[in-house]
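In the numbering used here, the protein residues as written are 27 to 460.
Backbone N, C-alpha and C fix where the C-beta goes; we use that ideal spot for every residue, glycine too.
All values reported here derive from a predicted model rather than from experimental measurement.
Some notes on the structure that comes next.
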Ligand SMILES: [Fe+2]
């Protein structure tokens, strides 16, 4: 099946690149930041974190480790949850003004993505908005190397420590978009599951579904051989479509999700489940860092763009806010029913990895089987019952679709050719599930 799926096409890519940071994983590895900085030859670091973490135990572990290694640091904690153009420009200015030779980021996706944006600005300058792909920005490319970056995630979902992309809200459009450049891949990822020990269960649920969807989207993405051939290896993005390497990581991430997600969410003392989810998030990050996501992520951006006035427990955010993982998974059961028609084998396999009951199911049932299993996991982790429970109504469907349709990169990675009407149909079916 694998060889058939990745068969070359006339104009498609014939080769792929695998990229990931040097990775340390395990309880206690956060205390290795200082010695890893020494390995990179760093002496004066900008430490990016957020105001919730600054002054807490995790920041203390990192600063003690840097001090013990003789590495100087300055903390920057003015990071916005869901970073926007303005907040990244400020972070960039901070990095430009100091005499830093490297960056450590400690936090969730918002912190790591802010650090990536700041690194880009420190290296090449300009307006962050110009780096978004057209029609949102000017498609400006990052043509110089950035300072070394050690990324330390404190949630089990983002995967940003293993990717070359940064997700940033464009203020003028009030919508999130992606900046992608191979130079943004961190040099070192330090993934310490003990960072997640005190996470509230709804944060573990949201980030867990982020990891689940990263892996599902990678496994069902358009194959790299169906993307356009890139003549120069230097211009090849790591976001390149499904490939044998991303499959490898996605399969294991899905098995972990199927076995441990409900346990990890519902029992904060279940360290086995929570540590496994952290490993799954890392694997899913490696997978999507090399293949890219598709419709569930593309369509999540319409949801966060048009978010209604809901408050979310467990997050220190005062403005209307829908956690990323919830915005992604809320449409996923509807989306996979739609995409399964294009590659039913892949969808059925993916459903099997998350322990779906597929006894007697044929290829024509692939979308239904995968969707049903996702809904079981959502109900088992107290996720909202569709968009309506987030405050959306049917009369917003066309606005949601129009907003998400601008996510051209992710839409191009969808296994099925998708238009605006398809997206409206998907959102309509995602209003309520049970
Ligand atoms: Fe995500």
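Using a Cβ distance threshold of 8 Å, residue 248 and residue 234 do not count as a contacting pair. In terms of Cα proximity to residue 396, the closest of 377, 404, 408 is 377. Only buried fits residue 62, as 16 or more other CB atoms lie within 10 angstroms of its CB. Straight through space, the alpha carbons of residue 408 and residue 259 are spaced by roughly 45 Å. Each residue's CA atom was taken as its position, placing residue 200 and residue 111 some 10 Å apart. If the five residues before and after residue 262 are omitted, its C-beta is found closer than 6 Å to the C-beta atoms of 43, 256, all from its own chain and listed in chain order. Exclusion of residue 331 from the 7 Å shell around ligand 1 follows from its C-beta lying no nearer than that to any non-hydrogen atom of the ligand. When the beta-carbon positions are compared, residue 186 and residue 205 stay at least 8 Å from each other. Contact check for residue 211 against residue 47 passes: the beta carbons are separated by less than 8 Å. Counting only the Cα atoms, residue 180 lies some 19 Å from residue 194.
In summary, residue 375 is buried, with 16 or more beta-carbon neighbours lying within 10 Å of its beta-carbon over all protein chains present. According to DSSP, residue pairing for residue 297 in a beta bridge does not occur. With distances taken between CA atoms, residue 278 lies nearest to 245 out of 404, 245, 296.
Counting the other Cβ atoms within 10 Å of the Cβ of residue 372 gives 16 or more, which makes it buried. Counting along the chain, the unbroken beta strand (DSSP E) around residue 70 starts and ends at 70 to 74. Judged by the Cβ position, residue 354 qualifies as a neighbour of ligand 1 at the 7 Å threshold, a heavy atom of the ligand being closer than this. Around the Cβ of residue 167, a 10 Å sphere holds fewer than 16 other Cβ atoms; the residue is exposed. Where residue 133 is concerned, the enclosing beta strand (DSSP E) starts and stops at 128 to 133.
Beta-bridge analysis with DSSP links residue 249 to 268. Residue 357 sits buried, since 16 or more C-beta atoms from the chains shown fall within 10 Å of its C-beta. DSSP places residue 191 in the strand class (E or B) of the three-state scheme. For residue 203, the beta-bridge partners assigned by DSSP are 194. If you draw a straight line from the Cα of residue 127 to the Cα of residue 147, it comes to about 14 Å. Sequence-distant partners of residue 99 (beyond 5 residues in either direction) whose C-beta falls short of 6 Å from its own C-beta, in its chain, are 71, 73, 92. The beta carbons of residue 231 and residue 275 sit about 22 Å from each other, so the pair does not count as a contact at 8 Å. Cα atoms of residue 237 and residue 301: separation of roughly 13 Å, rounded to the nearest angstrom.
According to the DSSP assignment, residue 50 belongs to the beta strand (DSSP E) that extends over 48 to 51.
Of the residues assessed, residue 141 falls on the buried side of the cut-off, its CB having 16 or more other CB atoms within 10 angstroms.
For residue 99, the enclosing beta strand (DSSP E) stretches over residues 98 to 102.
Here residue 95 carries a coil assignment [DSSP, helix/strand/coil]. Membership of residue 159 in any beta strand (DSSP E) is not indicated, and neither H nor E is assigned to it by DSSP. The alpha-carbon of residue 86 is positioned some 39 Å away from that of residue 433.
Residue burial annotation: residue 137 is buried, with at least 16 other C-beta atoms found within 10 angstroms of its C-beta. Approximately 7 Å separates the beta-carbon atoms of residue 427 and residue 328; this is inside 8 Å, confirming the contact. Distances taken from the Cβ of residue 350 to the heavy atoms of ligand 1 include one shorter than 7 Å. Between ligand 1 and residue 236, a heavy atom-to-CB distance of less than 7 Å is present.
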